[in-house]
Amino acid sequence: MNYVSLTIMVVIAYLIGNISPATLIGRFYGIDIKKAGSGNAGTTNVLRVLGTKAAACTLVIDILKGLVAVTIAQGRFNNLGAMLAFAAVVIGHIYPVIFKFKGGKGVATFIGAAMAINWPSTFAAALIAVIVAGVSKKMSLGSITAALMYPLLMLYYYPKDLPIAILMALVILFTHRGNIKRLMNGEEKELSIGSRIREKLTAQSNTDTDESFDAPGEESSMNIEKAHDNLDKFDKDEDMVLTDSVHDDILASGSRDELVNEATSINHTRVEVLDSAVDYYKDVEIPQLKGSAKKKVAVIGNGSFGTAIANVIAHNGHRVTIYGRNKEDINRIRETRVNEKYLPGAKLADSIRFTSNLRTGVSKRDIVIFAIPAQQFGRVIEKSAKYIDKEAILVNLAKGIENDSLKTMSQIAKSLVDNRYVAVSGPSHAEEIVRNYPTTVVAASDDDDAAKEIQNILMSKTFRVYTGDDILGVELGGALKNVIALGTGIADGMKFGDNSKAALMTRGIHEISRLGEAMGAKSETFAGLSGIGDLMVTCSSDLSRNRRCGLLIGGGMTPDEAVAEIKTTVEGFYTVEAASRLAAKLGIEMPITDAVKSVIDGNLKPRDAVELLMNRDRKQENK
Numbered sequence: 017m018n019y020v021s022l023t024i025m026v027v028i029a030y031l032i033g034n035i036s037p038a039t040l041i042g043r044f045y046g047i048d049i050k051k052a053g054s055g056n057a058g059t060t061n062v063l064r065v066l067g068t069k070a071a072a073c074t075l076v077i078d079i080l081k082g083l084v085a086v087t088i089a090q091g092r093f094n095n096l097g098a099m100l101a102f103a104a105v106v107i108g109h110i111y112p113v114i115f116k117f118k119g120g121k122g123v124a125t126f127i128g129a130a131m132a133i134n135w136p137s138t139f140a141a142a143l144i145a146v147i148v149a150g151v152s153k154k155m156s157l158g159s160i161t162a163a164l165m166y167p168l169l170m171l172y173y174y175p176k177d178l179p180i181a182i183l184m185a186l187v188i189l190f191t192h193r194g195n196i197k198r199l200m201n202g203e204e205k206e207l208s209i210g211s212r213i214r215e216k217l218t219a220q221s222n223t224d225t226d227e228s229f230d231a232p233g234e235e236s237s238m239n240i241e242k243a244h245d246n247l248d249k250f251d252k253d254e255d256m257v258l259t260d261s262v263h264d265d266i267l268a269s270g271s272r273d274e275l276v277n278e279a280t281s282i283n284h285t286r287v288e289v290l291d292s293a294v295d296y297y298k299d300v301e302i303p304q305l306k307g308s309a310k311k312k313v314a315v316i317g318n319g320s321f322g323t324a325i326a327n328v329i330a331h332n333g334h335r336v337t338i339y340g341r342n343k344e345d346i347n348r349i350r351e352t353r354v355n356e357k358y359l360p361g362a363k364l365a366d367s368i369r370f371t372s373n374l375r376t377g378v379s380k381r382d383i384v385i386f387a388i389p390a391q392q393f394g395r396v397i398e399k400s401a402k403y404i405d406k407e408a409i410l411v412n413l414a415k416g417i418e419n420d421s422l423k424t425m426s427q428i429a430k431s432l433v434d435n436r437y438v439a440v441s442g443p444s445h446a447e448e449i450v451r452n453y454p455t456t457v458v459a460a461s462d463d464d465d466a467a468k469e470i471q472n473i474l475m476s477k478t479f480r481v482y483t484g485d486d487i488l489g490v491e492l493g494g495a496l497k498n499v500i501a502l503g504t505g506i507a508d509g510m511k512f513g514d515n516s517k518a519a520l521m522t523r524g525i526h527e528i529s530r531l532g533e534a535m536g537a538k539s540e541t542f543a544g545l546s547g548i549g550d551l552m553v554t555c556s557s558d559l560s561r562n563r564r565c566g567l568l569i570g571g572g573m574t575p576d577e578a579v580a581e582i583k584t585t586v587e588g589f590y591t592v593e594a595a596s597r598l599a600a601k602l603g604i605e606m607p608i609t610d611a612v613k614s615v616i617d618g619n620l621k622p623r624d625a626v627e628l629l630m631n632r633d634r635k636q637e638n639k
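First residue of the sequence shown? That's 17 in this note's numbering, and the numbers climb one at a time after it.
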């Protein structure tokens, strides 16, 4: 036997296992699947987060990986090669070097590899898994049961390969150790099919913008002393479960159900959702604009903020078209005139048009507004550029920083297109805008005429727009306040009170300003609507997704659980990484941001992060 060829084959099988459809499909939708739902790069988590189509693709590809790898090895090296390839492809899936050894749990790849060895035993095991999962509504229980039964089935059908069957079953049980613990404690979640973030993030992005376009074992052993030295490293098991101490925190602040209800409710003291949709603009007279005064406007993204802004512009007399990738959602909104998924209870203007064709949506428009998640902005604007008129004004509503490049949205736009650009930001909940509540924002551009044009199409008796020229400051204020809002939410979840919240907000705007000024923004911008104004509303309102996510974390949930519970993109969950890297790059001290990042990464428990912040070296307030 050629052992060199055998070794090469094993390596190839391992690399085939490295192919992660869950990760790649998640990226297509604009989501880091390892930071959404359970954080596992497998079919079940994809099903929960991205829906059935994405899950089906993930399942098929993962099965094919195992089937192809073992079939090739079996044909060339017979039984020994098949067994080695079996182990290599499954291990490659679980511990992929390409993705920093963070993969899935190996069940689907296991099934594919086992099919190549002996399909009757595999079919029987898979059938058992489906039946158990269907009855219990717990996919993990089905997988674990199948892993236990597989060696017995192989003993009956194909006894000579019993050793590899036992070994692989043990591997599957090992990867499900967290699930086993949760099952024993009665804490394992039932299987649920998640929202289609396919419009992303819809998104792992209801930023304080569009959430529906294509567009977030063993506890860390790190202690406070180590955290002082390095807040960026972490040691977290993906299968982390609630410990006794965490349960104590939950009991101290209310039941888990109470926390979820409080953090995920769309209701607000002043935002009431009635049984039937209400036209909150019924008494608003739509101006009869003529000629060049009547602008043709495209809104990219049919999430909450994009829809609300489109409604404002339509009631100001302009021609508005909303584009969304999900044809079913678009058709439903067109027919009902209600965005039930993101803005229930509010009727939209009859004049708004809807399309799921990108070219139709953006072609021949005077103004193109991007209301999509920040992490999707670059890809979408690049895709749209060939259809957008060169004289059109581009407007961005997203509040975030691109993690890969550390660029703001304006920096991304300027690298891809030559169109005039305007950033719109400020304290502005979509749920209140669509109900015609008084709202004020700022439109910033380095082209004063472009800023004024956006001011003109948005201004109404209840929607006031200021202009400005500090695009960078406006974008950074809108992005970074989400990180501070996570912190205030965590404090609220821990029942710390108003003193803590006020301190976090005050010191938060201080470190936002510090980073912004270092990057070239104007200090006065952070004292305005896009700075302290947006910070105040995001840190204190029940409508803030970032605050609600923090509330769940402070109440005892893991960050991944909290993001999954919110169901729409929590921009601060992604921005904290970019903010921390920017601060390190520029040598800027951002202790609140670092503390929030440590909690999100699993480095620190919330209470340890608070202790770390409170016991920093003594300083003067303005230094």
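Glycine is no exception: its CB is placed at the ideal position from the N, C-alpha and C atoms.
- Taking Pro-454 as the centre and dropping the five residues before and after it, the same chain places the C-beta of Thr-478 closer than 6 angstroms to its C-beta, in chain order.
- By the neighbour-count criterion, in which a residue is buried when 16 or more other Cβ atoms sit within 10 angstroms of its Cβ, Met-630 is exposed.
- In the DSSP assignment, Leu-171 falls within the unbroken alpha helix (DSSP H) covering 155-173.
- With fewer than 16 neighbouring CB atoms inside 10 Å of its own CB, Leu-602 falls in the exposed class.
- Residue pairing by DSSP places Ile-385 opposite Val-315, Val-411 in a beta bridge.
- Separation of Ser-444 and Lys-118 (C-alpha to C-alpha, rounded to the nearest whole angstrom) is 38 angstroms.
- Per DSSP, the unbroken beta strand (DSSP E) holding Ala-439 starts and ends at 437-441.
- Taking a 10 Å sphere around the C-beta of Arg-64, we find 16 or more other C-beta atoms and assign the residue as buried.
- If only uninterrupted beta strand (DSSP E) runs of at least 3 residues are considered, none is enclosed by the stretch 61-95.
- Secondary structure at Lys-363: strand, using DSSP grouped into helix, strand and coil.
- The three-state secondary structure of Arg-451, taken from DSSP, is coil.
- In the DSSP assignment, Ile-338 is bridged to Val-315, Phe-370.
- Here Ile-329 is buried, its C-beta having at least 16 other C-beta atoms within 10 Å.
- Judged by DSSP secondary structure, Val-113 falls outside any alpha helix (DSSP H); it is assigned neither H nor E.
- Look at the beta carbons and you see the stretch 349-362 not touching the stretch 376-396: under three pairs across the two are nearer than 8 angstroms.
- The residues Tyr-166, Pro-167, Met-170, in chain order, have a CB closer than 6 angstroms to that of Ala-181 in the same chain once the five nearest residues on each side in sequence are set aside.
- Taking a cut-off of 8 angstroms on C-beta distances, the stretch 432-446 touches the stretch 491-503, as three or more cross pairs fall below it.
- Within the stretch 526-583, the alpha helix (DSSP H) runs of at least 4 residues that lie entirely inside it are, in chain order, 550-556, 561-570, 575-582.
- If you look at Phe-479, you'll find it in the beta strand (DSSP E) that goes 479-484.
- When DSSP states are grouped into helix, strand and coil, Thr-424 belongs to the coil group.
- Secondary structure at Val-289: coil, using DSSP grouped into helix, strand and coil.
- Taking 8 angstroms as the cut-off, the beta carbon of Ile-428 is found no closer than this to the beta carbon of Ile-385.
- In this structure, Asn-562 sits away from Leu-620, with a CB-CB distance that is not shorter than 8 angstroms.
- In this chain, Val-300 is not harboured by any alpha helix (DSSP H), its DSSP state being neither H nor E.
- Straight across, the Cα-Cα distance linking Asn-318 with Glu-344 is about 12 angstroms.
- Bridge partners of Thr-138 according to DSSP: none are assigned.
- Between Val-458 and Gly-484, the C-beta spacing is below 8 angstroms.
- Approximately 4 angstroms separates the beta-carbon atoms of Val-105 and Ala-85; this is inside 8 angstroms, confirming the contact.
- Contact annotation: the stretch 412-424 does not touch the stretch 464-474, with fewer than three C-beta pairs closer than 8 angstroms.
- Counting the other CB atoms within 10 Å of its CB gives Val-27 a total below 16, which places it among the exposed residues.
- Look at Thr-585 here: in three-state DSSP terms it is coil, with no helix or strand label.
- Straight-line spacing of the CA atoms in Gly-97 and Gln-90 works out to 6 angstroms.
- Gly-307 sits exposed, since fewer than 16 C-beta atoms from the chains shown fall within 10 Å of its C-beta.
- Annotation: the continuous alpha helix (DSSP H) that includes Met-200 extends over 193-201.
- Note: Ala-460 is bridge-paired with Ala-439, Gly-484 in the DSSP secondary-structure output.
- Separation of the CB atoms of Lys-613 and Glu-593 is rounded to 7 angstroms, and the pair is thereby assigned contact status at 8 angstroms.
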